[in-house]
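In this note's numbering, the protein residues as written are 798 to 1279.
Take a look at the structure:
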């Protein structure tokens, strides 16, 4: 068989990715000719690129299909996740610029790193083979390591970057080892061939199952699920807050896409095994994340541990299995990404040079000083706690329903219990804002009007989408039912 070069028509489904990589290289070169005062041009162009590529995906430019010998798959699920990733990345960029510029940390490569990280996420959710999954994952990981350590003068940021790199490399090793076992059992790296082996029992059963277990461990680490969460609190606390905002939001969507490709598409025939494993990790994440978050005094660290608990809820949806389970998990991932941006955005908006609002005590008496800002933070905390009618409530309800429909009543009951427990530490922040006396040693940040507007829209969208959640849920369901 003679290999032929792909034509332009063959590469059409890759148009959004090609536009993104072209823009990233163009911005990298453009930044070389811009002085410090004009770097906002690079940043604005990066935001425009992310929004533009999202519109390309939404409009279906290039069409759907499978290219590169089955390595790249563009389907409805991939397009939905790509739009969510691109919008989340663009929103994160709006928080990045003012915070880093005020502290003298902004460099042109920040925007380029975000673009390449986003490209890695887009490749992940469109992966049709284990090779593409690994390439996308490493592109995302390497950019994330650099972003976490972007503040070279901060020992805490450097330490966080090193921890993230070392533990992330370990997780990548687990994932790669699992992939090698799967290849040994099936003789292929193509997810469709692996699926046929899993369905028909033609692969070496125990070897294939062992590979799936190792891959699940790697996926759980990338999500930040217990007991593979050890990197998450230190990295979230040590990184500059807007970097934490980005790392803690969009990559969760990509991790969900990776889980879908690996387990539902590739190992769907073993779903009775991996569903139980996801359920066990979900319970561990809910227990460890919620209990650890309850005793934190640092706001960023509390949000880090709460992320572990939210991963537990997302895993409940995956454990539910089937199209409905993955649709619910996607809905939760999209909802959480928006909530995470708003939660860490709270710190960005209320911080100023020399003062970072990263302790819960910093929010004492916020209502007396700024009722409007306190109201916005209340919306964010209520949604994270899963209170109706906010978006977080419907997200939790969706995954719990998926668990019930998947025959996992016990898992749904565990989720309900920890949903109640998890509300406690979010309400601590609300109590500090509305019932505690203002602390004279804390001064609320004077964020710019555009940044306050971005945060206001971000926070109020949690209420708006909570009141009109059906279209978003229907969009997620369509991704797995076509």
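Heads up, the beta-carbon is just placed ideally off N, CA and C, and yes, glycines get one too.
Item, Value
"Report the CB separation of residue 1244 from residue 1177 in whole angstroms; it is logged as a contact under 8 Å.", "That belief does not hold up - the Cβ atoms of residue 1244 and residue 1177 are roughly 15 Å apart, past 8 Å."
"DSSP on residue 924, reduced to helix/strand/coil?", "strand"
"Assuming contact is defined by CB atoms lying nearer than 8 Å, are residue 1067 and residue 988 in contact in what I supplied?", "no"
"Applying the 10 Å Cβ sphere with the 16-neighbour rule, what's the burial state of residue 884?", "buried"
"Could you give the first and the last residue of the continuous alpha helix (DSSP H) run that contains residue 1166?", "1163 to 1166"
"In the DSSP assignment, find the unbroken alpha helix (DSSP H) run with residue 871 in it and report its ends.", "It is not in any alpha helix (DSSP H) - residue 871 instead sits in the beta strand (DSSP E) that spans 869 to 871."
"Which residues does DSSP pair with residue 863 in a beta bridge?", "870"
"Counting C-beta neighbours from all protein chains within 10 Å, is the total for residue 856 16 or more, i.e. buried, or is it exposed?", "exposed"
"Please classify residue 1031: does DSSP put it in a helix, a strand, or coil?", "helix"
"So is residue 1214 buried or exposed if we call it buried at 16+ other beta carbons inside 10 Å?", "exposed"
"Between which residues of its own chain and residue 894 is the CB-CB distance below 8 Å, once the five residues before and five after are set aside?", "837, 840, 903"
"Quick one, which of 1133, 1137, 1114, 828 has its alpha-carbon nearest residue 1126's?", "1114"
"Which residues in the same chain as residue 798 place their Cβ atom closer than 7 Å to its Cβ, once the five residues preceding and following it in sequence are excluded?", "Caution applies to residue 798, whose pLDDT of 39 falls short of 50 and renders its modelled position unreliable; the value that the coordinates give is listed next. Closer than 7 Å at Cβ, skipping near neighbours: no residue."
"Within 10 angstroms of the Cβ of residue 1156, are there 16 or more other Cβ atoms? Answer buried if so, exposed if not.", "buried"
"Considering only the alpha carbon of each residue, which of 1173, 1026, 1225 lies closest to residue 1081?", "1026"
"Tell me, please, which residues DSSP counts as bridged to residue 1156.", "1095"
"My understanding is that residue 954 touches residue 1036, with C-beta atoms under 8 Å, so please give their C-beta distance in whole angstroms.", "6 Å"
"Taking the Cβ atom as the reference point for each residue, do residue 825 and residue 911 lie within a distance shorter than 8 Å?", "no"
"Where in the segment 948 to 998 do unbroken runs of the alpha helix (DSSP H), each at least 4 residues long, occur, reported from the N-terminal end onward?", "952 to 983, 988 to 997"
"Just verifying my parser: in three-state terms, what is the DSSP assignment at residue 1052?", "helix"
"Could you tell me which of 1013, 956, 983, 992 sits nearest to residue 973, measuring between CA atoms?", "1013"
"Classify residue 810: buried if its beta carbon has 16 or more other beta carbons within 10 angstroms, exposed otherwise.", "buried"
"For a quick check, are the C-beta atoms of residue 1083 and residue 1187 less than 8 Å apart?", "no"
"Can you give me the C-alpha to C-alpha distance between residue 926 and residue 1211, rounded to a whole angstrom?", "35 Å"
"Report the residue from 1159, 1033, 1016 whose alpha carbon sits nearest the alpha carbon of residue 969.", "1016"
"Measure the CB-CB distance between residue 1134 and residue 1034 and report whether it falls below 8 Å.", "no"
"What's the call for residue 1278, buried or exposed, on a 16-neighbour Cβ count within 10 Å?", "exposed"
"Please list the terminal residues of the continuous alpha helix (DSSP H) segment that includes residue 1266.", "Here residue 1266 belongs to no alpha helix (DSSP H), and DSSP marks it neither H nor E."
"Leaving out five residues before and five after residue 843 in sequence, what residues of the same chain have Cβ atoms less than 7 Å from its Cβ?", "824, 890, 908, 911, 912"
"Under the assumption that residue 1208 contacts residue 1079 (Cβ atoms under 8 Å), give the Cβ distance between them as a whole number of angstroms.", "7 Å"
"Could you have a look at residue 798 and say whether DSSP puts it in helix, strand or coil?", "Residue confidence is low: residue 798 scores 39 on pLDDT, short of 50, so the model does not pin down where it sits. No coordinate-derived value is stated."
"Whole-angstrom Cβ separation of residue 918 and residue 1051, contact assumed at under 8 Å?", "4 Å"
"With DSSP run on the structure shown, which of helix, strand or coil describes residue 1148?", "coil"
"Within the segment 1190 to 1246, note down every full alpha helix (DSSP H) run reaching 4 residues or more, in order along the chain.", "1206 to 1232"
"Measuring CB to CB, does residue 1087 end up less than 8 Å from residue 1218?", "yes"
"Buried or exposed, going by whether 16 or more other CB atoms sit within 10 Å of the CB of residue 813?", "buried"
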